[in-house]
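Q:
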Amino acid sequence: MISELRGTVSQIYPDSVTLDIHGIGLQVYVTPGLLGTLSAGMEIHLFTRLIVKEDGWSLYGFKAQEERACFELLLNVKGIGPKLALGIMSKLRPDDFYKAVLHQDQKALTGLPGVGKKTAARIIVELRDRIGLGMSKESGQALPETDLESEAGVALQALGYSWQEARDAVKKAMEEHPGSDLETLLREALRRLART
Numbered sequence: 108m109i110s111e112l113r114g115t116v117s118q119i120y121p122d123s124v125t126l127d128i129h130g131i132g133l134q135v136y137v138t139p140g141l142l143g144t145l146s147a148g149m150e151i152h153l154f155t156r157l158i159v160k161e162d163g164w165s166l167y168g169f170k171a172q173e174e175r176a177c178f179e180l181l182l183n184v185k186g187i188g189p190k191l192a193l194g195i196m197s198k199l200r201p202d203d204f205y206k207a208v209l210h211q212d213q214k215a216l217t218g219l220p221g222v223g224k225k226t227a228a229r230i231i232v233e234l235r236d237r238i239g240l241g242m243s244k245e246s247g248q249a250l251p252e253t254d255l256e257s258e259a260g261v262a263l264q265a266l267g268y269s270w271q272e273a274r275d276a277v278k279k280a281m282e283e284h285p286g287s288d289l290e291t292l293l294r295e296a297l298r299r300l301a302r303t
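Oh and the sequence shown: position 90 is 197 in this note's numbering, straight run, nothing missing.
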């Protein structure tokens, strides 16, 4: 997995850039918003996602980890590939996208490139319970959280708990056991979930 790249922009294309990394040129697909801020010769650092398919490998780059996480979340929706996910992200910031999903705002989603009513409904159904632990359902705004808190939440979601269940259990475990490591936090959160 190639998760980060740091290099010099050597070429700019309509939907991607070539990054020169110690003499090796890698093509990285980026959003139009990011593309507009880049120029040849510029040093950049990107958080990346490598997509491997039968017909080749593609790299997608993002300025922030939150953007990459949103991109990866979109790839979990049936019928959404990397190009469509990047198109969606070119129009909505991750927080705004999460807010639209949490509030089941089909109108906001159908305004996105390549997203019709059926796709918008599928996005809502498939992602509303998977939206990150760090989102407030009431406001749709990101809540401050630690990496440890986020990791614990993702682990609980992987075990089949909803984001709300995971969020609540992790928050309570952190309140009761401040300074805990991941293993302790998960054990306490699971103990709490088993009681409910």
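Glycine included, each C-beta is placed from N, C-alpha and C at the ideal position.
Can you tell me the Cα-Cα spacing of Ala309 and Leu300, whole angstroms?
A: This structure leaves residue 309 out entirely; the chain is present only between 108 and 303.
Q: With a Cβ-Cβ cutoff of 8 Å, do Glu376 and Met196 count as a contact?
A: With the chain running from 108 to 303 in the structure shown, residue 376 is simply not present.
Q: Going by beta carbon distance, what residues of the same chain come within less than 6 Å of Gln134, once the five residues before and after it are set aside?
A: Same-chain partners within the cutoff: Ser123 and Thr125.
Q: Check this for me: beta carbons of Arg237 and Trp270, under 8 Å apart or not?
A: Cβ distance < 8 Å, so Arg237 and Trp270 count as in contact.
Q: Taking 8 Å as the cut-off, decide whether the C-beta atoms of Ala280 and Glu295 are in contact.
A: Cβ atoms of Ala280 and Glu295: closer than 8 Å.
Q: Of the residues Arg302, Ser146 and Val261, which one's Cα is nearest the Cα of Ser117?
A: It is Ser146.
Q: Could you give the residue range of the alpha helix (DSSP H) that holds Glu306?
A: There is no way to answer for residue 306, as the model of the chain reaches only from 108 to 303.
Q: Is Ile187 helix, strand or coil when you go by DSSP?
A: Note: Ile187 maps to coil in three-state DSSP.
Q: Regarding His129 and the ligand GDP, is the C-beta to nearest heavy atom distance less than 7 Å?
A: The model depicted lacks the ligand GDP and carries no ligand whatsoever.
Q: Pull the bridge partners of His152 from the DSSP assignment, please.
A: The partner list for His152 (beta bridge, DSSP) reads Arg113.
Q: For the beta strand (DSSP E) that contains Ala291, what are its first and last residues?
A: A quick correction: the sequence has Thr, not Ala, at residue 291. Element bounds for Thr291: not the beta strand (DSSP E) but the alpha helix (DSSP H), Leu289 to Arg302.
Q: What's the call for Leu263, buried or exposed, on a 16-neighbour Cβ count within 10 Å?
A: Leu263 comes out buried.
Q: By Cβ distance below 6 Å, which residues in the same chain neighbour Tyr268 in space, the five residues on each side in sequence not counted?
A: There are no such residues.
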